[in-house]
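Asker:
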Amino acid sequence: VSYDNTSSGLSAANVQAALDELNLNVVEGLALVNTSVASNREAILGKAGKDQISNRNLLDNGWFTVNQRGASSYSGTSAYAVDRWKRGTEDTLVTVNDSDITISKTSNNFTFIQYLEDSQAERLAGKNVTLSIDVTSYVSDDNEFRIRCGASDGTSIDAYSIPIDTHSISSFSYLVPSNTKKIEVQIRNINGEGSASITIKAVKLEIGSVSTLDMDTAPNYAEELLKCQRYFQRVTGGYIVSSIFPGYALT
Numbered sequence: 068v069s070y071d072n073t074s075s076g077l078s079a080a081n082v083q084a085a086l087d088e089l090n091l092n093v094v095e096g097l098a099l100v101n102t103s104v105a106s107n108r109e110a111i112l113g114k115a116g117k118d119q120i121s122n123r124n125l126l127d128n129g130w131f132t133v134n135q136r137g138a139s140s141y142s143g144t145s146a147y148a149v150d151r152w153k154r155g156t157e158d159t160l161v162t163v164n165d166s167d168i169t170i171s172k173t174s175n176n177f178t179f180i181q182y183l184e185d186s187q188a189e190r191l192a193g194k195n196v197t198l199s200i201d202v203t204s205y206v207s208d209d210n211e212f213r214i215r216c217g218a219s220d221g222t223s224i225d226a227y228s229i230p231i232d233t234h235s236i237s238s239f240s241y242l243v244p245s246n247t248k249k250i251e252v253q254i255r256n257i258n259g260e261g262s263a264s265i266t267i268k269a270v271k272l273e274i275g276s277v278s279t280l281d282m283d284t285a286p287n288y289a290e291e292l293l294k295c296q297r298y299f300q301r302v303t304g305g306y307i308v309s310s311i312f313p314g315y316a317l318t
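The sequence shown lines up with residues 68 to 318 when you count with my numbering.
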């Protein structure tokens, strides 16, 4: 469309024609953008077939990167190992590797636990949650991934678990009972006979019925450290320090 801006060349018809062409160009441009987004959906989302951004992990130190106690392995009396994760039995041996951890047993069964704060457990009551675990390798098919819900007096309300039988991500969704007051996440072996071990890269608890662990990368270390230091903080050096850090960590 062409026209001049003289009184004889400027007309309603010419102006309308120009506006129509502009509108057509805008529509065609939006169509090209939509086509580009659709064709590059996998690259934009980061994973094929995913329709949502990854959810926040409700567990602390889910990638086991924070290890303030500094040991390369933990054994003996039941106690905490890498931050926020507790060995539930004295037979539980935890080995800290470069990018994952290995849980094994000397006899009987192993149990590796993270306790959620009561206030967080109460907020999850009545909601659907998904628990996921990224397994690198394992020995024995008697390993189990479990979420256990309890009442305020410590009695068990309900528990749901799945066997871990893959060298990849296993997950399950679960409706947390409405009267839940306490929640703990457990990785355990359920057969007291023979050897058993499992090497784990990450564990995730999230709201909703879809696992998004495969969309995650290791979290920011400084942020995870700060969350863990609400429960335990190691102080070194020649100083006398008197502080109280409330939480579950006792050793």
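Every residue gets a Cβ at the ideal spot worked out from N, C-alpha and C, and that includes glycine.
Given the structure is predicted, the values throughout are model-derived calculations rather than measurements.
Please state whether DSSP places residue 226 in a helix, a strand or coil.
Answerer: As a position in the sequence shown, residue 226 is number 159, starting the count at 1. Looking at residue 226 - three-state DSSP - the assignment turns out to be strand.
Asker: From the DSSP output, read off the bridge partner residues of residue 214.
Answerer: Residue mapping note: residue 214 aligns to position 147 of the sequence shown, counting from 1. The partner list for residue 214 (beta bridge, DSSP) reads 227 and 252.
Asker: Exposed or buried, what is residue 254 when buried is set at 16 or more other beta-carbons lying within 10 Å of its beta-carbon?
Answerer: In the sequence shown, residue 254 corresponds to position 187, counting from 1. Residue 254 should be labelled buried.
Asker: With distance defined between alpha-carbon atoms, name the residue in 192, 148 and 167 nearest to residue 275.
Answerer: Counted from its first residue, the sequence shown places residue 275 at position 208. Among 192, 148 and 167, the Cα nearest to that of residue 275 belongs to 192.
Asker: When burial is assigned at 16 or more other CB atoms within 10 Å of the CB, is residue 288 buried or exposed?
Answerer: Taking the first residue of the sequence shown as position 1, residue 288 is located at position 221. Per the 10 Å Cβ criterion, exposed.
Asker: Thinking C-alpha only, which one of 163, 167, 156 and 148 is nearest residue 176?
Answerer: The count along the sequence shown starts at 1 and reaches residue 176 at position 109. Measuring from the Cα of residue 176, the nearest candidate turns out to be 156.
Asker: Assign residue 301 to buried or exposed, taking buried as 16 or more other Cβ atoms, counted over all protein chains shown, within 10 Å of its Cβ.
Answerer: For the purposes of this step, residue 301 is identified with residue 234 of the sequence shown, where counting begins at 1. That one is exposed.
Asker: Does the beta-carbon of residue 270 have 16 or more other beta-carbons within 10 angstroms, so that it is buried, or is it exposed?
Answerer: Stepping through the sequence shown from its first residue, residue 270 is reached at position 203. Buried: at least 16 other Cβ atoms inside 10 Å.
Asker: Applying the 10 Å Cβ sphere with the 16-neighbour rule, what's the burial state of residue 265?
Answerer: As a working note, residue 265 is residue 198 in the sequence shown. Residue 265 is buried by the Cβ-count criterion.
Asker: Less than 7 Å between the beta carbons of residue 181 and residue 277, yes or no?
Answerer: Reading the sequence shown from its first residue, position 114 is the one you call residue 181. Reading the sequence shown from its first residue, position 210 is the one you call residue 277. Not in contact: residue 181 and residue 277 (Cβ atoms no closer than 7 Å).
Asker: Residues in the same chain with beta-carbon distance under 6 Å from residue 205, minus the five sequence neighbours each way, listed in chain order, please.
Answerer: Here residue 205 refers to the residue found at position 138 of the sequence shown. Closer than 6 Å at the Cβ level, and outside the excluded window around residue 205, lie 265.
Asker: Specify, as a first and last residue, the run of the beta strand (DSSP E) that residue 160 falls within.
Answerer: Mapped onto the sequence shown, residue 160 falls at position 93. From DSSP, the beta strand (DSSP E) with residue 160 extends over 159-163.
Asker: Quick one: is residue 151 buried, meaning 16 or more other Cβ sit within 10 Å of its Cβ, or exposed?
Answerer: On the sequence shown, residue 151 is found 84 positions in, with the first residue counted as 1. It is buried - the Cβ of residue 151 has at least 16 other Cβ atoms within 10 Å.
Asker: Helix or strand or just coil, what does DSSP make of residue 89?
Answerer: As a first step, residue 89 is located in the sequence shown; it is residue number 22 there, counting from the start. Reduced to three states, the DSSP call for residue 89 is helix.
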